[in-house]
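Residue numbers (our numbering): 7 to 205.
Contents: one structure, followed by commentary.
Encoded structure:
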């Protein structure tokens, strides 16, 4: 804990400036993901549904159930039954389903992998704020590092299930989640005041 009395007696530090820097730090979020302005994708062909990079990231993070399972569950979901109850009923009747497209998360695992570095950077930003320095450059570093780590996670040994043989043949690559690289390249960071919406 910092003794404010020592800072004031020292005379070298402007307490108002310190408090303003700490307030800025406390009121600011650094977010990494796929912002709305980077989420659009090129349509993949006639009759294809538009899907955003953010929606695609959600699908790859959580996986996709087989179509037959989704069709069987949909009437109960449409009738207002909660998804967990509908899923439980399906599993009790059919056993545990296999994923049609297995989960391959990348944002949360990349943050978890680098959490110690993030904590160190936040400590550095806090120390800068206590010195009355502007913390924006520290927040930018945290954001840039988190963005870079998330993008690099695609190439790392991340434990993702391999692509199916049909997928490898179709896209000509065995690398999961990487086709044209649009989703990966759309990962970015934003710095904004807590509670603000949008990119």
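Glycine included, C-beta positions come from ideal geometry on N, C-alpha and C.
From a predicted model like this one, the values you see are computed outputs, not experimental measurements.
Under a three-way DSSP split, which group does residue i fall into?
i           : result
residue 96  : helix
residue 177 : helix
residue 193 : coil
residue 36  : strand
residue 201 : coil
residue 24  : helix
residue 185 : coil
residue 125 : helix
Taking C-beta to C-beta, are residue i and residue j nearer than 9 angstroms?
i           : j           : result
residue 108 : residue 167 : yes
residue 169 : residue 157 : no
residue 75  : residue 115 : no
residue 117 : residue 38  : yes
residue 196 : residue 36  : yes
residue 119 : residue 155 : yes
residue 142 : residue 30  : yes
residue 123 : residue 151 : yes
Specify, as a first and last residue, the run of the beta strand (DSSP E) that residue i falls within.
i          : result
residue 45 : No beta strand (DSSP E) holds residue 45; DSSP gives it neither H nor E.
Pull up the CB-CB distance for residue i and residue j, whole angstroms please, since I reckon it's below 8 angstroms.
i           : j           : result
residue 189 : residue 62  : 5 angstroms
residue 135 : residue 28  : 5 angstroms
residue 59  : residue 44  : 7 angstroms
residue 23  : residue 138 : 4 angstroms
Using 9 angstroms as the limit for Cβ to Cβ distance, is residue i near chain B?
i          : result
residue 76 : The structure shown contains no chain B, having only a single protein chain.
Starting from residue i and walking both ways along the alpha helix (DSSP H), at which residues does that stretch end?
i           : result
residue 103 : No alpha helix (DSSP H) holds residue 103; DSSP gives it neither H nor E.
residue 147 : 142-158
residue 139 : It is not in any alpha helix (DSSP H) - residue 139 carries neither H nor E in the DSSP assignment.
residue 82  : 73-84
residue 59  : 59-68
residue 88  : Element bounds for residue 88: n/a, residue is neither H nor E.
residue 162 : Premise fails: residue 162 is in no alpha helix (DSSP H) and is neither H nor E.
Does the Cβ of residue i have 16 or more other Cβ atoms within 10 Å, making it buried, or fewer, making it exposed?
i           : result
residue 194 : buried
residue 21  : exposed
residue 199 : exposed
residue 127 : buried
residue 203 : exposed
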